[in-house]
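Quick notes on the structure that follows.
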């Protein structure tokens, strides 16, 4: 692995000096120093709107003392700046500590000294900008030519390469070198003034091979097809209905409606309905939910790259790992970072993440999925007398304090006597998470299992995530629409 | 870095750009430096103190056929900036020609005089002096026996921005802002139900911040949402609180009159220019010239002076009621309205609001509530309307039943559905009282009749 000069100059000698600065003043400190570069190609209606390239340096320095955190952010990686930054962070931590009511210690972890690099079949820096542009132009062309009713096409290609050095007072020294690519398509269709849209992305950790898979090649066509189909969809019916959710929608429900409530920072601050529920029954006995951001999972989906939510170590130097959240309906673990695991007296499970080194790590998900069971999709539909099959989502959110959730799905079908009937659009689903998890009456088999990619927001920070799920059926969900 | 350094770096950039390719029509350079303080509370106790600074540059170059290249970096040294210029030129070479591009702004003789967008108390603020705002938040929550937790923060920000373009435009400005936010969790001792409420205040000057008030409103908001009840389906009047009016009227209109969205025909207002789209009492403007206001600016992110623009007048969507940057304005053959918005040096200019204001009405809030025998108060929804169709259906995350002119039980699992044009036309009353949230100013608004989908079977 080639280490950039700016990272290389942060050497053992500096670490020694940093330890001297922190000696007796901070109980814990860590530093993330990062160099980021990448490209962004943004096309609308087959014309480029933005062709850009960037290089950014970020450095975030944290210090901790007895419940108080100090954080100092700088934009250069010079040795002197880092030393001053640590002094500032310690001063802030001491100040915070003098005022905080909640005192605790950070539990000691074994130091890790290791370098990690994501595998790339085709390094993004090696691909000519013209080739990247041609890829985007092709997608734009395919989407635009799909039908005369296509009004707008939008394709966004983004790649990025980051090299981050992590140092902490436990003695860890880790370099994580990750590259990612994301291709996003959005298509608007218009027929007699009715405007409908669809959007999809392909993204992963790896190189340019990410946009050269069959799934990536078909992205714009699939998106255009979906938007066109919605033009003829009907306005939805409302009421209490049995809902069959596809993997994309189920994954989002698992992530938004349940995953966030498992984040231990929300549990500690009394903001989660799952507080105090470890080892209790929170879902039907067929429900098992896992979060596993570790590398090596692209293979199960036959991908030549890693899942978009994956990482080697989190932003607090803890290796990514599999965490069982619910096992057969019983809540087993929360997702933790260094602070929450220390306070809950459990081992950290590698969920302290931040989008860049200039942001403070929070408890975040990585790749969250619902384990498949044994229903085929055909059997789920056939077994449903009166209901609605919902596909994909536009957006969704949950109030973690009350557990009230709302999801808007892109497309739906009415199910009557075990048969798929007319197509509907803009269907929204709402309910209470704990009730909904107990009303799951069917979970699809491995064949119905799929994953999706996205960016998840919390406290103003966006991180790369994935969810996975089979088809599921939930009884008695409030379905709303315009009428 | 001093002003003179920035000016010479800008000149250096223009020299590189000019020396590289004769094909360049125009270019602009955007420098930004800022520093901030952020103090966070969790579990009603101070948790994290943060200080940070950032500075960066972005360069946009456009050739004679309208192809645009863009590059940015936060390394403000000569050889890095030289690289940024060269990369931007390289990007321009591969970008698509765009005959719709006219030109970047030419220099302006005068900029408007908007006062108090900069408070030197914030520029020189020390973290020790910010702590009393955090303590105020903590005290309000501590003294209430139903409040069980609070998260929130205090942020102060100072920024200096410089814009240069090859038409000779040179402009710089300094601005400050500060913010207090509170999210309070309450628990009912008997029913054990929990609920949350939130509030925030954004100001240009420090002495305007009132953290006690912010926490008190969040607390009231949380209590008003406790012991929620399901209701049956009904068609009733709805009162939007200022937060509700922002979600259902101001934000959607701001998005729909963005000239870029409009030109792509993705706005539900596309065929409605010059038409009446709302009730007679609905008046909306985008005013960037209010002294001391959070959304005010002397000039936008391309250096164009900000203005006061009428958008909706007595319910009529004005022909001139679009928000433009120089590109979208050039495409329509008019002048930019001073609404170019970058967010930071990391992005090319898009379009944004300044202060987006719904004019207050002449009814008191009490009168509006009293006028309703049975209806709904909508304070907060997490949903947003579909901007291309104007359709809205969403969950009322915080709202109450109104019965016999009084605010009653909070609502559980209740949704509403309406098309925005119907909503605008059904505006029956607007309150005298209003609230300001950052760049939005909104009153309470009564909607004549809305479909409510209840969670009760």
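Chains as they are written, first to last, in our numbering: chain A, 72 to 554; chain B, 241 to 697.
Glycine included, every Cβ here is placed at the ideal spot set by N, Cα and C.
DSSP places residue 549 of chain A in the strand class (E or B) of the three-state scheme.
In the three-state reduction of the DSSP assignment, residue 185 of chain A falls in the strand class, which pools E and B. In the DSSP assignment, residue 88 of chain A falls within the unbroken alpha helix (DSSP H) covering 83-93. By the Cβ test, the region 366-378 of chain B is in contact with the region 271-288 of chain B, since at least three Cβ pairs between them sit closer than 8 Å. Rounded to the nearest whole angstrom, the CA to CA distance from residue 450 of chain A to residue 316 of chain A is 14 Å. Counting along the chain, the unbroken beta strand (DSSP E) around residue 291 of chain B starts and ends at 285-303. As the crow flies, the alpha-carbon of residue 329 of chain B is around 15 Å from that of residue 252 of chain B. Within chain B, the C-beta atoms nearer than 7 Å to that of residue 222 of chain A come from 505, in chain order. Given a length threshold of 3 residues, each whole run of the beta strand (DSSP E) inside the region 268-335 of chain A is given here in chain order: 310-316.
Here the alpha carbon of residue 292 of chain B sits roughly 8 Å from the alpha carbon of residue 274 of chain B. For residue 450 of chain A, the enclosing alpha helix (DSSP H) covers residues 448-453. Judged by beta-carbon spacing, residue 252 of chain A lies within the 8 Å limit of residue 274 of chain A, meaning their Cβ atoms are closer than that value. In the structure shown, residue 349 of chain B adopts coil according to DSSP, grouped into three states. Ranked by how close their Cα comes to the Cα of residue 642 of chain B, the residues B/590, B/469 and B/491 have B/469 in first place. Look at the region 613-625 of chain B: the residues with a C-beta under 7 Å from a C-beta of chain A are 622 and 623. In this structure, the alpha-carbon of residue 411 of chain B lies about 14 Å from that of residue 578 of chain B. For the pair residue 351 of chain B and residue 545 of chain B, the CB atoms are nearer than the 8 Å cut-off. No Cβ of chain A is located within less than 8 Å of the beta carbon of residue 398 of chain B. Taking C-beta atoms under 8 Å as the contact rule, residue 477 of chain B and residue 634 of chain B fail to qualify, at a distance of about 17 Å.
Under the three-state reduction of DSSP, residue 192 of chain A is assigned to coil, being neither helix nor strand. Closest in C-alpha terms to residue 392 of chain B, from the list B/339, B/333 and B/278, comes B/278.
Beta-bridge partners assigned by DSSP to residue 629 of chain B: none are found. Against chain B, the CB of residue 145 of chain A has a partner CB under 8 Å away; the residue lies at that interface. Under the Cβ distance rule, residue 311 of chain B counts among the residues neighbouring chain A, one pair being separated by less than 8 Å.
As computed with DSSP, residue 685 of chain B is found in a beta bridge with B/480 and B/670. Secondary structure note for residue 161 of chain A: it is in no beta strand (DSSP E), and the uninterrupted alpha helix (DSSP H) holding it is 150-170. Within the region 675-691 of chain B, those residues whose Cβ lies closer than 9 Å to any Cβ of chain A are, in chain order, 691.
A contact between stretches requires three or more CB pairs, one per stretch, nearer than 8 Å, and the region 598-614 of chain B meets this requirement with the region 475-492 of chain B.
Here residue 141 of chain A is near residue 164 of chain A, since their CB atoms are less than 8 Å apart.
Cα atoms of residue 586 of chain B and residue 445 of chain B: separation of roughly 26 Å, rounded to the nearest angstrom. In the DSSP assignment, residue 567 of chain B falls outside any beta strand (DSSP E) and within the unbroken alpha helix (DSSP H) covering 566-572. When beta bridges are read from the DSSP output, residue 109 of chain A appears opposite A/125 and A/231. Contact between the region 340-354 of chain B and the region 141-159 of chain A is not established, with fewer than three Cβ pairs separated by less than 8 Å. Secondary-structure assignment with DSSP links residue 515 of chain A through a beta bridge to A/446. With the criterion set as a beta carbon lying under 9 Å from some beta carbon of chain A, the members of the region 425-437 of chain B are 425, 427, 433, 434, 435 and 436, in sequence order. In chain order, 124 make up the part of chain A whose C-beta sits under 7 Å from the C-beta of residue 327 of chain B.
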